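For the sequence shown, this note's numbering gives the first residue as 30, with consecutive numbering after it.
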Amino acid sequence: MSSQIYWTYDELLTDVHRRAKSVEVLGHTVDGSPLVVARGGGDKLPAIFITAGAHSTEQAGVSAAVSLIDELQTEHEVHVIPTRDPIGMQGFAHALSLGLGETPKVESFDQVEGILRDRGEVLFEEEDLLLSLVGDYGYASARPTQDRTCPQNFFYSRLQRLHAEEPERLAPLLGRRVFMTAGQTGVEGTGDFARAYTLIISLDGEILHINRFHDTAWAPVEPRVTRDLLARIRPGLSFDLHESQLMQDRYWLSARRQPDADNERWEQQAARATIQAIADSGATLANDDDAPSKWFDTSEPAVFWLDATRRGEGFNLMDFVSRTYGLAFGTEMGMYGTFDGRVELAMITVRTCVQVFEQRYS
Ligand SMILES: [Zn+2]
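Laid out in structure tokens, this is it:
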């Protein structure tokens with residue numbers, strides 16, 4: 030079976046409506062796109078929550094989330110926010126249209142840099158990186174290079190250094206959204222420009238993205254509507270389907286320590302069952318070098334327990350959910366696997382954890 034890659038948000042929404050029992054609009058992001066949640070599953074509680082796409086460059090999780098709306102067999106309520114960054118998933122040209130007032134053609138880095146120079150105010154430039162302010166938005170062109178396997182990681186650390194060394198250069202971007210070229214040459218479903226990576230810079234110069242702010246009062250609309258939905262549905266089991274460019278085709282499961290012993294026991298059981306199912310599928314498991322060890326503890330191979338307090342950027346969605354509602358898991362699929370293979374790993378994760386969850390409430 031081949032998985033669908035959604036190149037436009039309209040295509041994705043059409044498929045969501047076709048698959049869902051009902052679709053609710055939770056709010057609208059700054060380009061007017063609706064942020065939606067779709068209902069699947071049955072009526073049993075506690076509910077199951079599935080989401081993806083906070084990092085728009087990670088599209089296999091998004092396609093898996095859409096498929097799971099009607100393909101996940103469970104009596105429990107299923108609530109799916111298929112993508113938390115509709116702007117980013119619509120690509121760099123679309124993101125640029127917010128600042129330009131028109132959608133340009135974007136086919137090469139030369140072209141992007143020309144637009145950012147001619148139509149914006151260049152704030153910073155060095156080899157392979159151009160940062161510009163166009164209207165109310167920041168834009169970054171970051172060219173992929175041999176030694177820079179993940180352009181987003183490179184860009185974060187470069188911006189952090191800029192803020193530390195020359196804060197006046199970053200000052201015009203404080204409190205703004207900054208859209209970055211994906212720069213993921215050869216990644217099926219993303220490529221160089223088909224997605225824009227969304228960053229949000231705090232007034233203090235902290236460089237954040239859509240998978241933060243879940244415990245922040247001034248949260249942008251995407252995490253805010255997600256947080257409000259969670260307060261209504263109070264999920265007993267949640268998933269956020271991510272991918273990583275850093276680990277070829279390897280897979281890891283990101284688990285969270287639970288605040289009470291019973292939840293902790295079920296989180297461990299679901300994690301064990303999932304990593305076994307992933308290994309049985311023939312996929313390659315992550316090795317210990319794949320996860321930044323300063324933030325994670327390992328149990329089974331390729332099960333990493335994230336400790337958000339050690340990372341110090343506030344809670345991501347699954348950190349927040351695990352502390353507030355119940356079991357929570359994230360995936361990291363290596364982006365150089367096939368798109369179908371990456372989608373399949375996300376779906377195995379959800380199906381296996383849901384089986385364990387159903388045992389708990391049977
Ligand atoms: Zn991610």
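Every residue gets a Cβ at the ideal spot worked out from N, C-alpha and C, and that includes glycine.
Computed from a prediction, not measured in an experiment: that's the story for all the values here.
Own chain residues within Cβ distance below 8 angstroms of residue i, not counting five before or after
i    : result
L152 : L160, S161, L162, G167, R198, L199, P201, L202
G215 : Y365
L97  : G69, I79, V107, V109, M376, V379
E136 : F222
R389 : W295
Contact set for residue i: own chain, Cβ-Cβ below 7 angstroms, skip 5 residues either direction
i    : result
E194 : none
L270 : A81, G90, A93, A94, T360, A375
V52  : V45, H46, V65, A67
P196 : G234
R113 : T80, G82, A83, I239, E251, T255
Cβ neighbours of residue i in the same chain (closer than 6 angstroms, five flanking residues each side left out)
i    : result
G70  : T103, H105, E106, V107
V372 : S32, A89, S92, A93
A49  : A67, R68, I98
Any non-hydrogen atom of ligand 1 closer than 7 angstroms to residue i Cβ
i    : result
E87  : yes
H84  : yes
H271 : yes
heavy atom of ligand 2 below 7 angstroms from residue i C-beta
i   : result
V52 : Ligand 2 is absent from the structure shown, which contains only ligand 1.
Inter-residue CB distance, residue i and residue j (contact presumed, cutoff 8 angstroms)
i    : j    : result
F344 : L335 : Not confirmed; about 10 angstroms, so no contact.
P252 : H243 : 5 angstroms
F208 : S170 : Incorrect: roughly 10 angstroms between the Cβ atoms, too far for contact.
A211 : T86  : 5 angstroms
L266 : F386 : 5 angstroms
V254 : L55  : 4 angstroms
P133 : T58  : With 8 angstroms as the limit, P133 and T58 do not qualify as a contact, their Cβ atoms being about 20 angstroms apart.
G117 : Y226 : 6 angstroms
R261 : S351 : With 8 angstroms as the limit, R261 and S351 do not qualify as a contact, their Cβ atoms being about 18 angstroms apart.
Y38  : Q119 : 5 angstroms
Min CB distance residue i to chain C below 8 angstroms
i   : result
Q33 : In the displayed structure, chain C is absent; only one protein chain is listed.
TODO: Please confirm if the region 325-342 is in contact with the region 59-67, defined as three or more CB-CB distances below 8 angstroms between the two stretches.
DONE: no
Task: Whole beta strand (DSSP E) elements within the region 189-277, 3-residue minimum - done: 206-210, 225-230, 236-238, 266-273
Task: Residue ranges of each alpha helix (DSSP H) within the region 284-316, 4 or longer - done: 290-309
Open item on the list: Check whether the region 275-287 and the region 302-311 are in contact - that is, three or more C-beta pairs closer than 8 angstroms.
Closed with: yes
Task: Whole runs of the alpha helix (DSSP H) within the region 37-80, excluding any shorter than 4 residues - done: 38-48
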